[in-house]
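For the sequence shown, position 165 (counting from the first letter as 1) is numbered 165 according to the numbering used here, and the numbering increases by one without interruption.
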Amino acid sequence: MRPDSESRARLTMPALLLACLVAGPALSTTGVLADFADILPSLPAEARLVLQSRAERWVKWTPAERGAFESRLKTWEAQPPVERAELRERYAAWRSLTPAEQQEVQAAMQRYAALPPDQQLALHQEFDAMDRSQRRGWLLGPVLGADYAALQPLLAQLPHDEHRSMLQVLRTMTPLQRVDLSVLVQRTPPQERAALRRELLSTAPINRDDWLRQRLAR
1 MRPDSESRAR LTMPALLLAC LVAGPALSTT GVLADFADIL PSLPAEARLV
51 LQSRAERWVK WTPAERGAFE SRLKTWEAQP PVERAELRER YAAWRSLTPA
101 EQQEVQAAMQ RYAALPPDQQ LALHQEFDAM DRSQRRGWLL GPVLGADYAA
151 LQPLLAQLPH DEHRSMLQVL RTMTPLQRVD LSVLVQRTPP QERAALRREL
201 LSTAPINRDD WLRQRLAR
């Protein structure tokens with residue numbers, strides 16, 4: 001049965017993706033996407049490609065693979081909304097890491113798994129003892145996680161459309177540049193930090209050292 005217009009309007013992008021994957025034993029990619037044919041043209045090109053990719057994956061799965069997915073989906077839906085939100089945030093954070101950072105995190109996970117249980121527990125307790133802001137800062141990965149506390153005022157209330165570009169700039173800065181930037185951030189009044197972010201984003205990498213020196217000298 002096709003979802004009515006009001007239901008389709010309420011579907012979020014994750015819901016659309018899941019709907020395509022659990023649409024039943026579709027015989028073709030076209031069949032999987034048929035119920036959403038009238039809204040596909042209005043979606044961004046990237047979203048349409050994602051839906052197409054999910055549909056192609058679905059039709060290639062065996063009944064056992066589809067059943068396993070539906071089981072995972074039920075487990076996911078049974079979790080409290082707060083836990084689902086945290087998992088979404090972690091997944092988004094993981095996808096935002098560079099390949100090198102992902103490899104570094106995976107290597108750290110392997111080292112952690114090889115530790116004795118008492119050392120694993122000690123690390124858990126040390127992490128749990130951090131304040132929530134500091135814990136969330138480590139979602140930025142091994143490069144920025146250590147600097148998050150110092151850079152947090154710059155990242156606070158960061159507009160969504162600047163988030164990816166700001167993290168990209170920070171990751172390409174040297175450790176010393178991030179130290180200088182953290183000093184500059186602490187000196188900058190809250191009402192002037194938006195302007196500081198704009199300056200940073202518009203400064204070419206080759207000019208960042210000069211820009212930092214000039215800003216710190218004011």
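In this text, a Cβ means the ideal position worked out from N, Cα and C, and glycines have one as well. Quick caveat, the model's predicted, so the values are computed rather than measured.
Neighbourhood of residue i by C-beta distance below 6 angstroms, restricted to the same chain and skipping five residues each side
i, result
"D180", "L212"
"A150", "S182"
"P153", "V185"
"L144", "L170"
"A108", "none"
Residue environment, residue i, which counts as buried when at least 16 other CB atoms sit within 10 Å
i, result
"M173", "buried"
"Q214", "exposed"
"L67", "In the sequence as displayed, the identity of residue 67 is Gly instead of Leu. G67 comes out exposed."
"R95", "exposed"
"Y148", "buried"
"A55", "buried"
"L97", "buried"
"L200", "buried"
"L216", "exposed"
Nonlocal neighbours in the same chain, by C-beta distance under 8 angstroms from residue i, ignoring five residues either side
i, result
"L79", "Leu is not the amino acid found at residue 79; the sequence shown has Gln there. For Q79, where only same-chain residues beyond five positions count, the Cβ hits under 8 angstroms are L87."
"L158", "M166 and R197"
"L177", "It should be noted that the sequence gives Gln, not Leu, for residue 177. Correct list, in chain order: R208, D209 and L212."
"R218", "none"
Distance between beta carbons of residue j and residue i, contact taken as under 8 angstroms
i, j, result
"L155", "A93", "Going by Cβ atoms, the distance from L155 to A93 rounds to 13 angstroms, so no, they are not a contact pair."
"P142", "E101", "6 angstroms"
"F127", "R135", "7 angstroms"
Element boundaries [alpha helix (DSSP H), containing residue i]
i, result
"M130", "No alpha helix (DSSP H) holds M130; DSSP gives it neither H nor E."
"M166", "H160 to T172"
"V179", "P175 to R187"
"P81", "P81 to S96"
"E192", "Careful: E192 lies outside any alpha helix (DSSP H) and carries neither H nor E."
"S42", "Here S42 belongs to no alpha helix (DSSP H), and DSSP marks it neither H nor E."
"W76", "P63 to A78"
"Q110", "P99 to A113"
"A149", "Y148 to L155"
"W211", "R208 to A217"
For this session: Determine contact between the region 150-163 and the region 112-124, defined as no fewer than three beta-carbon pairs at a distance below 8 angstroms.
Result: no
Exercise. Is it true that the region 107-120 meets the region 185-195, where meeting means three or more beta-carbon pairs spaced less than 8 angstroms apart?
Worked result: no
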